[in-house]
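Throughout, our numbering is defined as the position within the sequence shown, counted from one, plus 76.
Here a beta-carbon is modelled for each residue, glycine too, at the ideal position from N, C-alpha and C.
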Amino acid sequence: MIPGPIEFDNDVLAAMGKQSLSHVSPEFIDIFADSLDMMRKVWMCPNGQPFIIAGTGTLAMDLAGANLVESHDRVLVVSTGYFGERYAQLLDRYDADINVLRSVPGEAVPIELIERELRKEKYKILIFTHVDTSTAVKVKAKALGELGLKYDIITVLDGVCSVAGEEIRQQEWGIDVVLTASQKAIGVPPGLALLVVSERAMGKFMKRKSKVRNYYADWTNWLPIMHAYERRIPSYFGTPAVNLVSALNISLKQILEEGLENRFERHRRTGMAFRAAIKALGMNQIPADECAANTLSAPYYPSGVKASEFLQAVNQAGVTLAGGLLPELKNEYFRIGHMGKINSDEVIVTIKAIETSLKKCNHDFNEGAGTRAAIDILNVNEL
Ligand code: PMP
Numbered sequence: 077m078i079p080g081p082i083e084f085d086n087d088v089l090a091a092m093g094k095q096s097l098s099h100v101s102p103e104f105i106d107i108f109a110d111s112l113d114m115m116r117k118v119w120m121c122p123n124g125q126p127f128i129i130a131g132t133g134t135l136a137m138d139l140a141g142a143n144l145v146e147s148h149d150r151v152l153v154v155s156t157g158y159f160g161e162r163y164a165q166l167l168d169r170y171d172a173d174i175n176v177l178r179s180v181p182g183e184a185v186p187i188e189l190i191e192r193e194l195r196k197e198k199y200k201i202l203i204f205t206h207v208d209t210s211t212a213v214k215v216k217a218k219a220l221g222e223l224g225l226k227y228d229i230i231t232v233l234d235g236v237c238s239v240a241g242e243e244i245r246q247q248e249w250g251i252d253v254v255l256t257a258s259q260k261a262i263g264v265p266p267g268l269a270l271l272v273v274s275e276r277a278m279g280k281f282m283k284r285k286s287k288v289r290n291y292y293a294d295w296t297n298w299l300p301i302m303h304a305y306e307r308r309i310p311s312y313f314g315t316p317a318v319n320l321v322s323a324l325n326i327s328l329k330q331i332l333e334e335g336l337e338n339r340f341e342r343h344r345r346t347g348m349a350f351r352a353a354i355k356a357l358g359m360n361q362i363p364a365d366e367c368a369a370n371t372l373s374a375p376y377y378p379s380g381v382k383a384s385e386f387l388q389a390v391n392q393a394g395v396t397l398a399g400g401l402l403p404e405l406k407n408e409y410f411r412i413g414h415m416g417k418i419n420s421d422e423v424i425v426t427i428k429a430i431e432t433s434l435k436k437c438n439h440d441f442n443e444g445a446g447t448r449a450a451i452d453i454l455n456v457n458e459l
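What follows is the structure in structure tokens.
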């Protein structure tokens, strides 16, 4: 129950253990082409250009940075935690003229503040982390997409902790780049950088004045490969991660079978159940209610409960949780990932393990209250 890598489906894992196909075989070409097509559906961006490239989520961030940013371009980064800071550091390599708007931990930057900045200065790109995995803060992606259209700015959404879990309607919301990694709500072991780019952003990329300064990331190298796969003809730039792509194909099919609306709703309920349980156990949480993510939760330890003792006790109870990530609060909170194929039983088992561990750490609380709060929201019977 960590915020990635998540637990993977057996059929997805089976694809990883098969003999690797040739990347130019008709069988693999179909797998790749169908995956690109399914990405447009999962991202809800029928006119977008999908990319599947071997690498991690950070490469997906770098792909947007390397291809869309040129020296001295003005970029506004809205940072709600660790990964917003990473984006600013990354863009510095491309000599961008960066301004970072930061929130206090647990809050989002108010939309009015962002708009005020956009009115004041002409920016080329607006970058934001949809759900920052260090704070469990979710920002209003739709409103930021609208600002991008209003001020004619390219919008980039880091959706590593949100795509296929939180609601994103890329095309309808006018967001230019939605990027993620395979190991989270997409449900595939780590190793794929995935992104869909709008027609508008591809148009701006085509009009670049300078060469892309990162050879591996350059869309000039990858675009013909994506096009060739969709036209079902063999091509080569870098050997694709064939097993991961085969696993992605299976996972995307499962996501579309569940249906995106059902999936958003299931994640919403799971998020609500965890937040209610945490509250019922007398713990505070990093994100304010109005900007709390549905893909992970970030509770503060109750006073007197030590991080190492608690996490060890949870492990002994059979559940793996993650410690804090935000440097200034690292030992004051922990994180529960709840994205992908999480069912009600897993939610309840996790909350029970948290209760058992709090008891072991001598925290005084209303035993069973967390489990009951979650059961009420999930509308299920106790295990
Ligand atoms: N952005 C966010 C919001 C993330 O949560 C992560 C990973 N936890 C990344 C970017 C970077 O992804 P990766 O670790 O796969 O490079």
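Counting along the chain, the unbroken alpha helix (DSSP H) around Q246 starts and ends at Q246 to W249. Boundaries of the alpha helix (DSSP H) harbouring G160: Y158 to D168, taken from the DSSP string. Bounds of the beta strand (DSSP E) holding S155 are R150 to S155. Secondary structure at T447: helix, using DSSP grouped into helix, strand and coil. Minimum Cα-Cα distance from H414 among the listed residues K198, P378, R351 and V390 corresponds to R351. Residues of the same chain with a CB within less than 7 Å of the CB of R116, apart from the 5 flanking positions on each side, are P122, G124, P126 and V272 in chain order.
Per DSSP, reduced to three states, the secondary structure at P265 is coil, with no helix or strand assignment. Look at T231 here: in three-state DSSP terms it is strand. The C-alpha of V185 is placed about 26 Å away from the C-alpha of N143.
Contact check for E306 against A109 passes: the beta carbons are separated by less than 8 Å. Taken through DSSP and simplified to helix, strand or coil, V215 comes out as coil. With contacts defined by Cβ atoms closer than 8 Å, T231 and G241 do not form a contacting pair. Three or more beta-carbon pairs drawn from the region 127-134 and the region 254-273 are found closer than 8 Å, and the two stretches are therefore classed as touching.
Only residues of its own chain outside the window of five on either side were considered, and among them V207, A212 and K214 have a CB closer than 6 Å to the CB of A369, listed in chain order. Closest by C-alpha distance to L372, out of A383, G416, P378 and I331, is G416.
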